[in-house]
Amino acid sequence: MASDANLLKHLEGGGVLTSPDNMPARYRAELMRMLVSFVDSELAAAAGFAEIINEGPGIKERIAAARIVMEKTVHADRVLALMSDFEVSFKRYATYQKWSDRLDRSAPVGAVRVQNDMRLAVFNYPVDGWTDAVTMNLLLGVAVGVQLAEYATISYQPFALAIREIGPREAHHAHLAVEGVQKLLNEGNEEDVARSIAYWSPRVRSSFGADDSGRFDMLKSFGLRTLSNAELRARYLAETETVLDNLGLKAPAG
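The working numbering numbers the first residue of the sequence shown as 2 and each following residue consecutively.
#1: Report yes or no: do three or more beta-carbon pairs, one from the region 174-190 and one from the region 137-156, lie closer than 8 Å?
#2: What are the residues that DSSP puts in a beta bridge with tyrosine 157?
#3: Can you tell me the Cα-Cα spacing of threonine 243 and glutamine 183, whole angstroms?
#4: Which residue marks the beginning of the alpha helix (DSSP H) containing alanine 195, and which one marks its end?
#5: Classify tyrosine 1 as helix, strand or coil using the three-state DSSP reduction.
#6: Would you give the residue range spanned by the alpha helix (DSSP H) that arginine 79 belongs to?
#7: Can you tell me the Cα-Cα spacing of lysine 10 and glycine 146, whole angstroms?
#8: Going by CA-CA distance only, name the one from Ala211, Phe87, Ser207, Ile60 that's closest to phenylalanine 160.
#9: With distance defined between alpha-carbon atoms, name the residue in Arg236, Val89, Glu151 nearest to arginine 29.
#10: If you compare alpha carbons, which of Glu31, Val40, Met24, Ser107 is closest to phenylalanine 91?
#11: Following the continuous alpha helix (DSSP H) through glutamate 1, name the residue where it begins and the one where it ends.
#12: Which of the three DSSP states, helix, strand or coil, is assigned to alanine 112?
#13: DSSP state of glycine 168, grouped into three classes?
#14: Using a Cβ-Cβ cut-off of 8 Å (strictly less than) and excluding sequence neighbours within five positions of arginine 236, which residues of its own chain qualify?
#15: How many Å lie between alanine 211 and arginine 204 at the Cα?
#16: Apart from the five residues on each side of it in sequence, which residues of its chain come closer than 6 Å, Cβ to Cβ, to serine 38?
#17: Here's the rule I'm using: 16 or more other beta-carbon atoms within 10 Å means buried, otherwise exposed. How should serine 202 be labelled?
#18: Thinking C-alpha only, which one of Gly249, Leu8, Pro169, Phe124 is nearest serine 42?
Next comes the structure, spelled out in structure tokens:
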């Protein structure tokens with residue numbers, strides 16, 4: 002049986018793990034934190050979009066929203082299956098939180114509802130109608146793409162492989178959002194879209210965490226991270242600026 006020290010040295014050298022067997026305790030705790038945050042965020046996102054489906058202005062828009070709800074729930078289930086390998090029962094996972102719960106829309110950026118819900122903070126805020134939901138999904142789609150690219154390279158291979166399956170569907174969600182915002186702009190909703198960008202931009206940006214995260218060096222040594230929070234955020238901001246510029250929109254300052 003390999004010792005924790007040998008396994009950690011293996012990971013620091015770029016090695017991978019393929020099962021929970023003999024997994025170092027610190028690695029296991031950080032990996033589970035990552036998996037739970039992913040599942041909580043997907044379920045919360047799905048719940049939020051479910052409430053907006055019937056506000057879609059047409060059948061195609063409602064189909065797109067329903068598809069996002071279904072696929073995000075499928076993604077959560079896919080990663081929950083990995084979590085079951087850790088000898089924890091998650092049969093009641095889908096109902097132990099009310100995933101549609103949100104803070105007041107005026108709550109400050111980064112606010113948290115409850116401690117045992119590990120969704121990204123952006124999913125604690127409510128959407129305000131169809132235009133707001135589509136615009137939020139545009140910004141979120143860029144952020145998700147950046148984050149999944151990071152997850153797809155981590156040292157726990159079952160999760161990395163799951164993310165590589167999930168990534169193309171999430172990329173399609175982002176594409177649907179671009180199409181949706183373009184249609185809103187074509188219909189003369191520039192001011193409403195701009196207001197939603199101003200509201201959601203700092204909230205999506207905050208999902209990358211603080212610049213001075215003391216855990217980054219440890220996570221990097223485990224092969225669970227390659228880029229710092231600041232580097233991920235910078236990549237998100239650059240990609241967002243490109244997406245908005247292609248739509249004739251301006252990214253908020255800061």
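Glycine is no exception: its CB is placed at the ideal position from the N, C-alpha and C atoms. Please read these numbers as outputs of a predicted model, since none were measured by experiment.
The short version:
#1: The answer is yes - the region 137-156 touches the region 174-190, with three or more Cβ pairs under 8 Å.
#2: Leu18.
#3: Threonine 243 and glutamine 183 have their C-alpha atoms some 14 Å from each other.
#4: 191-206 is the extent of the alpha helix (DSSP H) around alanine 195.
#5: Here the chain has residues from 2 to 255 only, and residue 1 is not among them.
#6: Annotation for arginine 79: the continuous alpha helix (DSSP H) segment containing it runs 60-84.
#7: If I take the Cα positions, the gap works out to 30 Å.
#8: With respect to the C-alpha of phenylalanine 160, the residue from Ala211, Phe87, Ser207, Ile60 having the closest C-alpha is Phe87.
#9: Of the candidates Arg236, Val89, Glu151, Val89 places its Cα closest to the Cα of arginine 29.
#10: Among Glu31, Val40, Met24, Ser107, the Cα nearest to that of phenylalanine 91 belongs to Val40.
#11: Examination of residue 1 is not possible in this model, given that the chain is present from 2 through 255 alone.
#12: Looking at alanine 112 - three-state DSSP - the assignment turns out to be coil, as it is neither helix nor strand.
#13: It is helical.
#14: The beta carbon of arginine 236 is closer than 8 Å to those of Val147, Leu228 in its chain, skipping five residues each way along the sequence.
#15: Taking the straight line from one Cα to the other gives about 13 Å.
#16: So the list reads Met119, once near-sequence residues are dropped.
#17: Its Cβ being crowded by 16 or more others within 10 Å, serine 202 is buried.
#18: When only C-alpha atoms are compared, the closest one is Phe124.
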